[in-house]
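Residue numbers (the working numbering): 15 to 321.
Even for Gly, the Cβ is constructed at its ideal location relative to N, Cα and C.
Reviewing the structure listed below.
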Amino acid sequence: MDRFLKLMALGLILAGCNATPQDISAPRQVVSTQNIPAAMVGVHAKQLFGNAPDGSRQAAEPFGGYAKGCLAGGVQLAETGPTWQAMRLSRNRNWGHPETIGFIQDLSRFAAKQPGWSGLYVGDISQPRGGPMLTGHRSHQIGMDADVWMRPADRLNLSRAERESLSSISMQRANGAYTNGEWSRAHHEIIKAAAKDPRTDRIFVFPGAKVRMCQDETGDKSWLRKVRPWWGHHYHFHVRLKCPSNSASCAEQEAPPPGDGCADAQEWVSNILNPPPPDPNAPKPKPRRELTMADLPGQCVAVLQAD
Numbered sequence: 015m016d017r018f019l020k021l022m023a024l025g026l027i028l029a030g031c032n033a034t035p036q037d038i039s040a041p042r043q044v045v046s047t048q049n050i051p052a053a054m055v056g057v058h059a060k061q062l063f064g065n066a067p068d069g070s071r072q073a074a075e076p077f078g079g080y081a082k083g084c085l086a087g088g089v090q091l092a093e094t095g096p097t098w099q100a101m102r103l104s105r106n107r108n109w110g111h112p113e114t115i116g117f118i119q120d121l122s123r124f125a126a127k128q129p130g131w132s133g134l135y136v137g138d139i140s141q142p143r144g145g146p147m148l149t150g151h152r153s154h155q156i157g158m159d160a161d162v163w164m165r166p167a168d169r170l171n172l173s174r175a176e177r178e179s180l181s182s183i184s185m186q187r188a189n190g191a192y193t194n195g196e197w198s199r200a201h202h203e204i205i206k207a208a209a210k211d212p213r214t215d216r217i218f219v220f221p222g223a224k225v226r227m228c229q230d231e232t233g234d235k236s237w238l239r240k241v242r243p244w245w246g247h248h249y250h251f252h253v254r255l256k257c258p259s260n261s262a263s264c265a266e267q268e269a270p271p272p273g274d275g276c277a278d279a280q281e282w283v284s285n286i287l288n289p290p291p292p293d294p295n296a297p298k299p300k301p302r303r304e305l306t307m308a309d310l311p312g313q314c315v316a317v318l319q320a321d
């Protein structure tokens, strides 16, 4: 029970998914840390980054952490590719680090081999220069996160209007304790392929999906360590990639706990079905403060100012 309450507290902190990747082996451009210009002082960072229309003309590099950072040299995922379509184009969030764009393309090719799937519908990745978003996510700030729809991509000729109106499909029942009839072995295999990719740090799915995969996997379960139960991820799964090896200013997340995590996921499910009583001594969550440029790595000023 104590672990569950700690997870809930952590959730309040963390909660809030045909470009040619740049040569990531090129020498890193030094991005200077600058004083914050007067025009940026006191302004919500989401306003500054949310209004940037395209990526910066810099060497690709994430600065800071997944929920407090920015992205230099972001690459745009093409709106439509051989095995994917980017969704909700009006948000302009189909940008990411070149490694993220390459990962999505690779995973979409694998997905296209699954029955009933022609590829992937890709949700939010990042804004052109990363940073806090105008709406939604608290993470997705450094171009290393991507949301992949659970809805099988059976058509890859969706119009822009359809990509705004079409919804994904929920995979959960009983508030996330179990998968529903829409869940398929293809979902299992696609998430497994994503987890086994060495670029992946972790994947967030609703608790019932993690338990279902633990039950259905008959081989080596070590890849399930990267699949983490998390609230709300039943319309999409969220892939978080590791910091690129040549990005010294990217803040890695702590590694997941040892083991396959199946017992922990079962504990989440048990607490969904039989919620523990609230802790009367638990501190009230503090209201979230909007981030300003002073909260972000100093390089983010240069990212915004670059061409």
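Checklist entry - When the Cα atoms are used, what is the spatial distance from His111 to Thr232? => result Their Cα atoms are separated by approximately 34 angstroms.
Checklist entry - How is the alpha helix (DSSP H) around Glu75 delimited, first residue to last? => result Run containing Glu75: none in the alpha helix (DSSP H); it sits in the beta strand (DSSP E), Glu75 to Gly79.
Item to check | Cut-off 8 angstroms between Cβ atoms - residues of its own chain near Lys60, not counting five sequence neighbours on either side | outcome: Non-local C-beta neighbours of Lys60 in its own chain, meaning closer than 8 angstroms and more than five positions away in sequence, comprise Gly145, Pro146, Met147, Leu148, Glu304 and Leu305, ordered along the chain.
Next on the checklist: Suppose you measure from the CA of Thr114 to the CA of Asp120; what does that come to, to the nearest Å?
Outcome noted: Taken atom to atom, the span from the alpha-carbon of Thr114 to that of Asp120 is near 10 angstroms.
Checklist entry - Rounded C-beta distance between Ser263 and Pro311? I'm assuming under 8 angstroms. => result The beta-carbon distance between Ser263 and Pro311, rounded to whole angstroms, is 6 angstroms. This is short enough to meet the 8 angstroms contact definition.
Next on the checklist: Is it buried or exposed, Pro129, if we count other Cβ atoms within 10 angstroms and call 16 or more buried?
Outcome noted: Pro129 is exposed by the Cβ-count criterion.
Checklist entry - Along the chain, which unbroken stretches of the beta strand (DSSP E) at least 3 residues long are found entirely within the region 208–263? => result DSSP runs (the beta strand (DSSP E)) wholly in the region 208–263: 214–219, 241–243 and 250–255.
Checklist entry - What residue does the beta strand (DSSP E) around Leu103 start on, and which one ends it? => result Boundaries cannot be given for Leu103, as no beta strand (DSSP E) includes it and DSSP labels it neither H nor E.
Checklist entry - How should Ser153 be labelled, buried or exposed, when 16 other C-beta atoms within 10 angstroms of its C-beta is the threshold for buried? => result Under this definition Ser153 is a buried residue.
Checklist entry - Per DSSP, Lys82 forms a beta bridge with which residues? => result Checking the DSSP bridge columns, you'll see Lys82 partnered with Gly79.
Next on the checklist: By the three-class DSSP mapping on this structure, what secondary structure does Trp197 have?
Outcome noted: Correct three-state label for Trp197: coil.
Item to check | N-terminal and C-terminal residue of the beta strand (DSSP E) that Asp161 is part of | outcome: DSSP places Asp161 inside the beta strand (DSSP E), whose first and last residues are Asp159 to Trp163.
Checklist entry - Just how far apart, CA to CA, sit Gln319 and Thr94? => result Spanning the two alpha carbons is a distance of roughly 30 angstroms.
Checklist entry - What span of residues does the beta strand (DSSP E) with Leu134 cover, start to end? => result Secondary structure note for Leu134: its beta strand (DSSP E) is the uninterrupted segment Leu134 to Val136.
Checklist entry - Going by beta carbon distance, what residues of the same chain come within less than 6 angstroms of Ala279, once the five residues before and after it are set aside? => result Close CB contacts of Ala279 within its chain, under the 6 angstroms cut and outside five residues either way in sequence, are with Pro221, Lys224, Val225 and Pro243 (chain order).
Checklist entry - With DSSP run on the structure shown, which of helix, strand or coil describes Trp98? => result The three-state secondary structure of Trp98, taken from DSSP, is strand.
Checklist entry - Given that a residue counts as buried once 16 or more other Cβ atoms are within 10 Å of its Cβ, and exposed if not, what is Val317? => result Buried is the call here.
Checklist entry - According to DSSP, is His202 helix, strand or coil? => result In this structure, His202 counts as helix in the three-state DSSP scheme.
Next on the checklist: Quick check: Val283 and Gly150, are their CB atoms within less than 9 angstroms of each other?
Outcome noted: Cβ distance not < 9 angstroms, so Val283 and Gly150 don't count as in contact.
Checklist entry - Can the beta-carbon of Ser184 be found less than 9 angstroms from the beta-carbon of Glu196? => result Yes, the Cβ-Cβ distance between Ser184 and Glu196 is below 9 angstroms.
Checklist entry - Where does Val57 sit, in a helix, a strand or coil, going by DSSP? => result Here Val57 sits in coil by DSSP.
Next on the checklist: Please return the same chain residues whose Cβ sits closer than 7 angstroms to the Cβ of Pro270, not counting the five positions on each side in sequence.
Outcome noted: Answer for Pro270: Arg216, Arg239, Lys240 and Arg242, listed in chain order.
Checklist entry - By how many angstroms is the C-alpha of Gly133 removed from the C-alpha of Leu170? => result Taking the straight line joining both Cα atoms gives about 8 angstroms.
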